[in-house]
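Number of protein chains: 2
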Amino acid sequence: MKCQILRVLPTRSSFCSSVNSTQLARSCNGTIPFSGGTSLESTLAAMNEEIFIDFQKMNKTIAVHEQDMDVVVQPGISYDALNEQLADQKLFFPPDPGPGAQIGGMIAQGCSGTNAYRYGTMKDWVLGLTVVLADGTIIKTRGRPRKSSAGYDLTRLFVGSEGTLGIVTEASLKLTDKPENVRVAVGAFPDIHSAIRTAVGIVRSGHPLAAMELLDDMAMKAVNSSGYSDIEWPEKTTLFFKFAGSPAHVAEQVEEVERLAKEQQCVQFTFSNSADEADSLWEARKTALWNMIALKNDPSDNFISADICVPISRLGDMIAATKDSFERSGFIGSCLGHVGNGNFHAGVFFPAKDWEKAKGLMREAQKLGVSMDGTVTGEHGIGLVNRDALIWEVGDGTVATMRQIKMALDPLCLLNPGKVFKLWEGQE
Amino acid sequence: MKCQILRVLPTRSSFCSSVNSTQLARSCNGTIPFSGGTSLESTLAAMNEEIFIDFQKMNKTIAVHEQDMDVVVQPGISYDALNEQLADQKLFFPPDPGPGAQIGGMIAQGCSGTNAYRYGTMKDWVLGLTVVLADGTIIKTRGRPRKSSAGYDLTRLFVGSEGTLGIVTEASLKLTDKPENVRVAVGAFPDIHSAIRTAVGIVRSGHPLAAMELLDDMAMKAVNSSGYSDIEWPEKTTLFFKFAGSPAHVAEQVEEVERLAKEQQCVQFTFSNSADEADSLWEARKTALWNMIALKNDPSDNFISADICVPISRLGDMIAATKDSFERSGFIGSCLGHVGNGNFHAGVFFPAKDWEKAKGLMREAQKLGVSMDGTVTGEHGIGLVNRDALIWEVGDGTVATMRQIKMALDPLCLLNPGKVFKLWEGQE
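Residue numbers (this note's numbering), protein chains in the order written: chain L, 1 to 428; chain Y, 429 to 856.
So, in structure tokens, the structure goes:
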């Protein structure tokens, strides 16, 4: 343990002088809570000999309330294990980030996934939290009511705070009914704009599709090249639609989606007639990221990606501009994502020597997203990597306000220090 | 303007000594933002010569983004005026608290209403906010992406903070498609428990009803006595169901709801065959609070109510116990509310001299709600009236954490001082 005297960065203005003038004495290193370890953006990077708290053994389901459709869990359970436990009771926990993610990390990241179009993100599925604060105080943000106006929404302040405000030791999660009669349709489009116009039409129609995902031409080429799929796909911008509900309601939605797709010159519309066929069609979306590896020029190439989310009317222009910039760069890259809510992932493969150039491409895409009233991260978070981008997006004053909350709850900067924003001058 | 030296109440522990030891010098009185003025729980009470900021003239719609299904507004527009403006574009803003409420106050209160069962509460419909902080800094919490993981969720921290953390001057709001083909059904039940079992069955079925509301026997008696309704209603616990969607989907839901209701000995199930009939059936729910006045023993009687929300499996016991306590008290009272998410309003009429007794009844009901893992306020907020109840519900440590955030963002306690929790010793 070392003791350092550090000058805290400005919070908002001289108005809040008690914090501004503080010099921070750190008598011990920071602490990083760790569950599934699947986060991106260096959220879990230990920069200064931080201590990890591993939640591997705190993986219990404490209570399932079937009638209330909620569950109380520890942070070390994964969402897929939880859904397996809930399946017999026909209950379902929707947030579905990358495989292996656990509830603690999902809360820290405010994550989402393919189900977010219909069901929203992690923020919408946490009822209440038990949190250990930086000074060891244990608080419970609330019980299990479906809604509450009782005081500040600390629950949603902790969700997405990347372990910087407190350590979650228990969570009450909302559940819903397990989707039944799941069907999938896939449509290939002549270009990105016709695909996005279809997506906008579907969103406006109000049909509650279970998911709507986009893979661009390069991603579809990767699916074909990987050899994992039995189907030979058109190498065009492709939308994957997931439906769930009563057979009549699904039929109604499929008819409407096919009509909207064909209005936009959809060149191939394939519909699954059974649950097995649905799984097989969805497989291409599910394995897209891994399939991308088939496109690598050189096995030693690195990969970098961005996670932009813009208002859906701008998504066509956004993806088209990003793809243009990839083409100009000479790197192989693609765009895919959760088109129903305007979120997409843009990534390129690049040789190690071109790190700055590749990073510049991502920064350029993020800045374009912000200029379209979007966000630099729809679901991956800020971590270390996107700290500058957070400032471009929301401005100095907003980041300073976040820092002020951090300094109020964790004045010695013990919890995942330096993530989301810098705390002191010279912090890495 | 007067200057007072005040001793700030503890925040969390001696760990946060910078705030704990502060003596607060208030050089001016506080400020209370004011829009529709319909809030309950004394959120807008001026206790110490506070200055009101009236948003009456900041009532503009700045931009409607039809494809993105969002709108940018000023705080002084009412939700019904907004929905009138949006109707031609078949867009809809769901939160529906009491008539006259305006967006600024709806944000401050984190309100909801009858639409919350299907659509969620105000927290789910605010994309981003422009906020003036206590020191005059203007921040924007984010743009208009449908989702974001960029830093702390300041948007949802301000929503429900009752004007104590900042003053909202602009809001981007999410919209959805205007519900079409709205139909209503009404079922009368032998007792509260059979009605709640029906509600639980419907929630578990996963059918996305537009609303599900409960009026107890006393509330139905009030509807009959008021003379406003053409229908002679059974004076029994009654559920009001609202459906919206395609005709086939509505028909499917009505059939399932009728089946579930009849399983629970529903004695009368009435369904509207047209939009006009639907309006006429729903009228009884809409005017329930005003109709209640017909039950008053004495025109000078006062009214007090509570706004409890519990996990739905406990709602039958909760309402039954509350009704028993009303009967024992000798006051006339009833329970009604948003049963789909476990939220109900319990209220009694009482002579002025019995204020303490009537207040005690409400406190007893709130404490029972908390013991059932519920909340003392599902949608009305804390204000001045429920400050003690907030402490019973979430505990000292959680309230101290809220106070710490308040002190970080508004160290001179200029913004709606004393609401949600007390700030200094002796504060009224």
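For every residue, glycine included, the Cβ atom is placed at its ideal position computed from N, Cα and C.
These numbers were taken from a predicted model, which means no experiment stands behind them.
{"Item": "Rounded straight-line distance, which links the Cα of GLY594 (chain Y) to that of LEU843 (chain Y)", "Value": "7 Å"}
{"Item": "Alpha-carbon to alpha-carbon, GLU393 (chain L) and ALA706 (chain Y)", "Value": "46 Å"}
{"Item": "Residues within the stretch 171 to 190 of chain L neighbouring chain Y, beta-carbon criterion of under 9 Å", "Value": "SER172, THR176, ASP177, LYS178, PRO179, GLU180"}
{"Item": "Neighbourhood of ILE479 (chain Y) by C-beta distance below 8 Å, restricted to the same chain and skipping five residues each side", "Value": "ASN457, GLY458, THR459, ILE460"}
{"Item": "Buried or exposed (CB count within 10 angstroms, at least 16 for buried), ARG756 (chain Y)", "Value": "exposed"}
{"Item": "Beta-carbon spacing of GLY76 (chain L), GLY104 (chain L) below 8 Å", "Value": "yes"}
{"Item": "Residues near ASP301 (chain L) by beta carbon distance below 7 Å, same chain, minus five either side", "Value": "PHE349, PHE350, PRO351"}
{"Item": "MET429 (chain Y) burial status per 10 Å Cβ neighbour count (16 or more: buried)", "Value": "Reliability of the predicted coordinates at MET429 (chain Y) is poor, the pLDDT of 43 falling under 50, and no value is obtained from them."}
{"Item": "Min CB distance PRO343 (chain L) to chain Y below 8 Å", "Value": "According to the sequence displayed, residue 343 (chain L) carries Asn and not Pro. Output row for ASN343 (chain L): interface = yes."}
{"Item": "Cβ-Cβ distance between GLU162 (chain L) and GLN74 (chain L) below 8 Å", "Value": "no"}
{"Item": "C-beta atoms of ILE405 (chain L) and TYR580 (chain Y) nearer than 8 Å", "Value": "yes"}
{"Item": "C-beta atoms of VAL804 (chain Y) and ALA817 (chain Y) nearer than 8 Å", "Value": "yes"}
{"Item": "Paired residues, beta bridge with GLY775 (chain Y) - DSSP", "Value": "Y:SER733, Y:SER762"}
{"Item": "Unbroken stretches of the beta strand (DSSP E), 3 residues or longer, contained in the stretch 255 to 317 of chain L", "Value": "268 to 271, 302 to 309"}
{"Item": "Environment of TRP783 (chain Y) [buried if 16+ CB atoms lie within 10 Å]", "Value": "exposed"}
{"Item": "Cutoff 7 Å; reference LEU368 (chain L); Cβ partners in own chain excluding five residues on either side", "Value": "MET318, ALA321"}
{"Item": "Backbone secondary structure at MET486 (chain Y) - three-state DSSP", "Value": "coil"}
{"Item": "Three-state class that DSSP yields for TRP233 (chain L) in the structure shown", "Value": "coil"}
{"Item": "Beta-carbon proximity check, PHE271 (chain L) vs ALA210 (chain L), cutoff 8 Å", "Value": "no"}
{"Item": "Close Cβ partners of LEU519 (chain Y) (< 8 Å) along its chain, the five nearest in sequence each way excluded", "Value": "VAL492, GLU494, MET497, VAL499, LEU603, THR604, ASP605, LYS606"}
{"Item": "Reference PHE759 (chain Y); option with closest CA among Y:GLY775, Y:TRP553, Y:GLY615, Y:GLY825", "Value": "Y:GLY775"}
{"Item": "Closest residue to GLU213 (chain L) among L:HIS338, L:PHE158, L:ILE53 (Cα-Cα distance)", "Value": "L:HIS338"}
{"Item": "Span of the beta strand (DSSP E) around LEU40 (chain L)", "Value": "LEU40 (chain L) -> no beta strand (DSSP E), and no H or E assigned at all."}
{"Item": "Contacts around PRO573 (chain Y), its chain only, beta-carbon distance under 8 Å, and the 5 residues preceding and following it disregarded", "Value": "LEU555"}
{"Item": "For VAL651 (chain Y), the nearest candidate out of Y:ASN719, Y:ALA529, Y:LYS787, Y:MET835 (CA to CA)", "Value": "Y:ASN719"}
{"Item": "Three-state secondary structure assigned by DSSP to LYS178 (chain L)", "Value": "coil"}
{"Item": "Through-space distance from LEU133 (chain L) to ALA712 (chain Y), alpha-carbon basis", "Value": "48 Å"}
{"Item": "Closer than 8 Å to chain Y by CB, MET212 (chain L)", "Value": "no"}
{"Item": "Nearest-angstrom Cα separation, counted from MET830 (chain Y) out to ASN386 (chain L)", "Value": "28 Å"}
{"Item": "ASP217 (chain L), buried or exposed, once every other Cβ within 10 Å from all chains shown has been counted against 16", "Value": "buried"}
{"Item": "Chain L contacts made by the stretch 667 to 701 of chain Y, where a contact means CB separation under 7 Å", "Value": "SER674, ALA676, HIS677, GLU680"}
{"Item": "TRP553 (chain Y) to LYS123 (chain L) span [Cα, whole Å]", "Value": "13 Å"}
{"Item": "Pair within 8 Å by beta-carbon distance, LEU239 (chain L) and GLY187 (chain L)", "Value": "yes"}
{"Item": "Proximity test, Cβ basis, 8 Å: MET58 (chain L) and chain Y", "Value": "no"}
{"Item": "CB-CB length for GLY113 (chain L) against PRO97 (chain L), believed under 8 Å", "Value": "5 Å"}
{"Item": "Residues, ordered as in the chain, of the stretch 716 to 739 of chain Y that lie near chain L by beta-carbon distance below 7 Å", "Value": "CYS737, VAL738, PRO739"}
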